[in-house]
Amino acid sequence: MKHTKVKDLLNSTTTLQEVNAKGWVRTFRNNQFIALNDGSTINNIQCVVDFENTPDETLKRITTGAAVSVIGTLIESKGAGQKYEIQVNKLEILGDSDAEKFPIQPKNKPSLDFLRENAHLRVRTNMFGAIMRVRSVLSFAVHNYFQSKGFVYVNTPIITGSDAEGAGEMFKVTALPFDNTPRTEDGKVNYKEDFFEKETNLTVSGQLEGETYAMALGQIYTFGPTFRAENSNTSRHLAEFWMIEPEVAFNNLDDNMDLAEDFIQYVIKYALDNCQDDLKFLEGRLLDEEKSKPQAERSEMALLEKLNFVLENNFKRVSYTEAIDILRDSTPNKKKKFQYLINEWGADLQSEHERYLVEKHFKCPVILFDYPANIKAFYMRLNDNTEPGRETVRAMDILFPGIGEIVGGSEREERYDVLIEKMKALEIDEEELSWYLDTRRFGSATHAGFGLGFERLVLFVTGMTNIRDVIPFPRTPGNAEF
Ligand code: ATP
Ligand code: MN
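Residues in the sequence shown are numbered from 0 upward in steps of one, following the working numbering.
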């Protein structure tokens with residue numbers, strides 16, 4: 000007989016004579032009640048075992064973590080909390096789980112640190128089951144959004160031959176041996192003898208390749224893994240993370256902001272509509288966690304309220320220049336509470352400043368735009384009519400409460416001459432990026448795009464606070480287990 004998913008059993012509209020459920024035991028109470036979970040939903044189905052007619056041997060093997068198959072009748076539950084339960088007629092232990100050794104025991108309330116070390120088993124907890132289902136639904140929503148708007152999904156290379164992206168430190172890709180490494184006459188590594196006959200790296204962004212596709216297909220997006228060898232051990236950075244990068248021909252910076260805002264609101268709404276049980280659970284988890292914090296550090300809104308707030312309110316659009324004025328006059332700046340004090344226009348914004356703007360000043364998502372040219376990447380479009388010495392580019396960052404930067408994007412410099420000038424000033428090899436410059440040589444046009452870090456989005460939606468907890472097997476400095 001075919002087994003039915005727990006989710007479908009719980010959603011049944013009638014009692015059923017005979018059903019089969021398979022899953023893992025979460026708890027076994029009073030030698031009678033199994034809470035069975037199969038991952039299809041955060042909710043367990045209660046399976047009532049006829050302990051008087053079940054051998055002791057079998058009852059002993061119903062332990063947390065064991066895989067079991069039950070056949071029985073789906074009846075209306077007398078207990079509170081569930082509509083249906085299974086009155087078990089036949090129980091089979093599919094795989095034992097030694098109660099002494101299985102590390103995920105609900106009674107112990109394992110810490111997030113402990114669970115990270117057991118990333119292969121942590122997904123058997125309610126919390127990680129919920130997070131990973133939400134993550135999956137969010138990625139579906141990403142594709143849904145762009146596909147329904149006619150964007151073409153483009154798979155940009157993971158091994159990249161261009162090292163001029165400048166978005167972060169790169170991991171080298173090589174097949175050369177470390178002993179007897181082939182060298183050129185002047186002692187440098189001879190990449191001519193390497194697999195690709197040149198230096199290659201793991202990509203930090205698919206943007207430059209994505210632009211070339213946007214200049215033919217109109218609207219494209221990428222959604223794939225990116226790698227940064229950044230040694231910043233923060234709760235917002237991974238060495239391997241997933242990035243979504245739309246790029247649109249004929250879009251300017253305003254269109255780009257509209258797209259980013261609409262996109263983020265869509266995917267959050269999609270999660271709210273399709274992950275109700277999981278989000279409710281995560282909301283409860285967060286409330287619980289925050290009970291141990293002083294009042295001032297607790298969030299002002301519960302999770303669902305916060306997600307709805309983002310849907311219902313426009314993101315506040317603020318120029319870099321306005322932001323600097325706000326920060327310069329802010330209390331933490333005057334009282335020298337910021338680690339990096341804001342004294343003048345041109346300062347790069349640190350996360351403490353971003354968080355002040357979002358969490359204390361505006362209290363809503365903020366889009367900062369028109370940044371000083373010299374703190375941003377070479378491909379961003381220079382604003383017309385900016386004061387000499389105060390040149391700005393058409394860049395935007397979207398800042399989220401509790402997260403900081405979630406999106407970085409820009410209108411791209413479409414003018415060949417201006418772009419070349421900029422590359423010369425920054426000593427970026429024109430030869431190396433000749434293919435990229437072709438987009439400006441042949442049929443150049445205004446275009447814009449952005450990059451959104453998928454894990455930062457999952458962080459926001461799940462209310463988790465450490466990025467290591469929203470990707471199945473996190474890669475961070477000093478950690479590449481599994
Ligand atoms: P940050 O200042 O937070 O390091 P960034 O300016 O380096 O970000 P971009 O190069 O603009 O970020 O990348 C686009 C987006 O990718 C960011 O807005 C962020 O959401 C995400 N992102 C960047 N670096 C990481 C990382 N190491 N781990 C996870 N997400 C990241
Ligand atoms: Mn960075």
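Where is the CB? At the ideal position from N, CA and C, for every residue including glycine.
| message | Under DSSP, the alpha helix (DSSP H) around S135 begins and ends at which residues? | response | That run of the alpha helix (DSSP H) goes N125 to S147.
| query | Going along the chain, which residues of its own chain have a beta-carbon closer than 6 angstroms to the beta-carbon of A129, five neighbours each way excluded? | reply | Taking A129 as the centre and dropping the five residues before and after it, the same chain places the C-beta of I41, D277, F280 and L281 closer than 6 angstroms to its C-beta, in chain order.
| query | Among M242, V69, L73 and S161, which one has its Cα closest to the Cα of N154? | reply | If you compare the alpha carbons of M242, V69, L73 and S161 with that of N154, the shortest gap goes to M242.
| Start and end of the beta strand (DSSP E) containing K89? | Per DSSP, K89 belongs to the beta strand (DSSP E) from Y83 to G94.
| query | Along the chain, which unbroken stretches of the beta strand (DSSP E) at least 3 residues long are found entirely within the region 347-404? | reply | Segments of the beta strand (DSSP E) lying fully in the region 347-404: 365-371 and 391-399.
| query | Just the Cα atoms here: how many angstroms apart are L381 and A301? | reply | One C-alpha to the other measures close to 41 angstroms.
| request: Taking A65 as the reference, give the member of E91, I366, F453 and A238 with the closest Cα. | output: Ranking E91, I366, F453 and A238 by Cα distance to A65 puts E91 first.
| task | List in chain order: all unbroken alpha helix (DSSP H) runs of 4+ residues lying wholly within the region 182-232. | result | Complete alpha helix (DSSP H) runs here, min 4: 206-216.
| query | Three-state secondary structure (DSSP) at Y339? | reply | Three-state DSSP puts Y339 in coil, outside helix and strand.
| said: Our contact map puts V122 next to C274 with C-beta atoms below 8 angstroms; I'd like the distance itself, whole angstroms only. | reply: Going by Cβ atoms, the distance from V122 to C274 rounds to 16 angstroms, so no, they are not a contact pair.
| message | Below 7 angstroms, is the gap between the Cβ of M379 and the nearest heavy atom of the ligand ATP? | response | Answer for M379: no, Cβ out of range of the ligand ATP.
| Under 8 angstroms between C-beta atoms of I470 and E480 | E480 sits away from I470, with the two beta carbons spaced by 8 angstroms or more.
| query | To the nearest whole angstrom, what separates the beta carbons of T445 and E412, a pair I think is in contact under 8 angstroms? | reply | About 10 angstroms; that fails the 8 angstroms criterion.
| request: Would you kindly work out how many angstroms separate the C-alpha atoms of L111 and R227, rounded to a whole number? | output: Straight-line Cα distance between these residues: approximately 24 angstroms.
| task | Evaluate the contact criterion for the region 46-55 versus the region 78-94: three or more CB pairs, one atom per stretch, below 8 angstroms. | result | Counting Cβ pairs under 8 angstroms, three or more are found: they touch.
| query | Quick one: what does DSSP say L175 is sitting in, helix, strand or coil? | reply | Coil, per DSSP.
| request: Starting from E239, follow the beta strand (DSSP E) in both directions and report where the run begins and ends. | output: Here the beta strand (DSSP E) through E239 covers E239 to A248.
| field | Among N189, Q16 and M256, the one whose alpha carbon lies nearest that of E410 | value | Check the Cα spacing between E410 and each of N189, Q16 and M256: the tightest is with M256.
| request: Report the option in P109, T62, T124 and D369 whose CA atom is closest to the CA atom of D95. | output: Comparing Cα-Cα distances from D95 to each of P109, T62, T124 and D369, the minimum goes to T62.
| request: Within the same chain, show all residues whose beta-carbon is closer than 7 angstroms to that of A372, passing over the 5 residues directly before and after it, in chain order. | output: If we look at A372 and ignore the five residues flanking it on each side, its Cβ neighbours are L381, E390, T391 and V392.
| query | Can the beta-carbon of L93 be found less than 8 angstroms from the beta-carbon of S76? | reply | Cβ distance not < 8 angstroms, so L93 and S76 don't count as in contact.
| query | With distances taken from CA atoms, which of A248, N200 and G217 is nearest T225? | reply | Of A248, N200 and G217, the residue nearest in Cα terms is N200.
| task | Count the C-beta pairs between the region 425-441 and the region 240-254 that are closer than 8 angstroms, then say yes if the count reaches three, no if not. | result | No contact exists between the region 425-441 and the region 240-254.
| Ordered along the chain, which non-local residues of its own chain (more than five positions away) have a Cβ less than 6 angstroms from that of T221? | V153, T155, G205, G209 and E244.
| query | Quick one: does the C-beta of S538 sit closer than 7 angstroms to a heavy atom of the ligand ATP? | reply | Residue 538 cannot be examined here, being either before or after the span of the chain that is shown, 0 to 481.
| request: Could you name the residues of the same chain whose beta carbon sits closer than 7 angstroms to that of F472, not counting the 5 residues immediately before and after it, in chain order? | output: Within the same chain, F472 has close Cβ partners A118 and F481.
| Exposure label - G357; buried when at least 16 CB within 10 Å | Reading off the sequence, residue 357 comes out as Val, not Gly. That one is buried.
| message | With a threshold of 8 angstroms on Cβ separation, who are the neighbours of L285 within its own chain once the five nearest residues in sequence on each side are excluded? | response | Around L285: S298, A301, L302 and G462.
| Can you tell me whether DSSP reads N59 as helix, strand or coil? | Inspection of the sequence shows that residue 59 is occupied by Lys rather than by Asn. Correct three-state label for K59: helix.
| Closer than 7 angstroms: G167 CB and nearest the ligand MN heavy atom | Checking the 7 angstroms criterion, the Cβ of G167 is within range of a heavy atom belonging to the ligand MN.
| said: For G283, report the span of its alpha helix (DSSP H) as first-last. | reply: Going by DSSP, G283 is part of the alpha helix (DSSP H) stretching over Q275 to K290.
| query | For K423, which of helix, strand or coil comes out of DSSP? | reply | Of the three classes helix, strand and coil, the one that applies to K423 here is helix, per DSSP.
| message | Give me the DSSP bridge partner(s) of L9. | response | DSSP lists no partner for L9.
| field | F481 - DSSP class collapsed to helix/strand/coil | value | Coil, per DSSP.
| task | Check each candidate in Y212, F368 and N313 and name the one with the smallest Cα separation from T438. | result | That would be Y212, whose Cα lies nearest to the Cα of T438.
| said: Please classify K108 as buried or exposed, where buried requires at least 16 other C-beta atoms within 10 Å of its C-beta. | reply: When all chains shown are included, K108 counts as exposed.
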